[in-house]
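Student: Numbering (this note's numbering), first residue to last: 54 to 175.
All C-beta atoms, glycine included, are put in the ideal place defined by N, C-alpha and C.
As the structure is a computational prediction, the values presented were derived from the model and not from experiment.
Take this structure first; my questions come after.
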């Protein structure tokens with residue numbers, strides 16, 4: 054289940070519901086952990102998708118950072134164990150959903166590059 058307004062993805066693992074979110078704090082923490090900018094992390098994910106190569110360290114780091122939203126003291130090791138409990142393929146798909154939910158949606162732009170205003174009712 055995903056709450057698109059807040060970017061929260063809820064997933065049941067081993068009979069417990071966990072909330073995952075990549076908000077500003079989680080992205081900043083992830084940047085610090087990986088030594089890369091958010092755009093570099095996203096590019097790495099896109100390259101993995103195109104090449105079908107998996108970087109488990111990256112997936113586990115994203116999984117842990119997003120899970121820290123609801124489980125602030127989660128360790129990398131515990132995150133890896135939850136990924137295994139979820140099933141590695143399912144965990145990979147979950148990470149993709151989490152990243153998509155955590156990325157801001159582009160606004161529709163008007164002719165001058167400004168966001169379009171909602172039509173006024175008369």
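Please list, in chain order, all residues of the same chain as residue 132 whose beta carbon is under 7 angstroms from its beta carbon, the five residues on each side excluded.
Tutor: Closer than 7 angstroms at Cβ, skipping near neighbours: 113, 116, 117 and 120.
Student: Residue 62 and residue 138 look like a contact to me (Cβ under 8 angstroms); what is the Cβ gap, rounded to whole Å?
Tutor: Not quite, the Cβ-Cβ distance comes to about 16 angstroms (not below 8 angstroms), so this is no contact.
Student: Let's test the definition: count the other Cβ atoms within 10 Å of the Cβ of residue 64 and tell me whether it reaches 16, buried, or not, exposed.
Tutor: Counting Cβ neighbours within 10 Å, residue 64 comes out buried, since at least 16 surround it.
Student: Using the rule of at least 16 other Cβ atoms within 10 Å of the residue's Cβ for burial, across every protein chain shown, is residue 74 buried or exposed?
Tutor: By the neighbour-count rule (16 or more Cβ atoms within 10 Å), residue 74 is buried.
Student: Considering only DSSP beta bridges, list what residue 70 is partnered with.
Tutor: Paired residues: 65.
Student: Measure the C-alpha to C-alpha separation of residue 109 and residue 142 and round it to an integer number of angstroms.
Tutor: Answer to the nearest angstrom: the Cα atoms are 11 angstroms apart.
Student: Judging by CA-CA distance, which residue of 66, 77, 125 and 102 is the nearest neighbour of residue 59?
Tutor: With distances taken between Cα atoms, residue 59 lies closest to 77.
Student: The alpha helix (DSSP H) that contains residue 110, what's its start and end?
Tutor: Here the alpha helix (DSSP H) through residue 110 covers 109 to 120.
Student: I'd like to check one pair, residue 123 with residue 68: are the Cβ atoms closer than 8 angstroms?
Tutor: Contact: no.
Student: Entirely within the region 117 to 149 and at least 4 residues each: give me those alpha helix (DSSP H) ranges in chain order.
Tutor: Entirely contained in the region 117 to 149, the alpha helix (DSSP H) runs reaching 4 residues are, in chain order, 129 to 139.
Student: Residue range of the alpha helix (DSSP H) that residue 102 falls in?
Tutor: That run of the alpha helix (DSSP H) goes 91 to 104.
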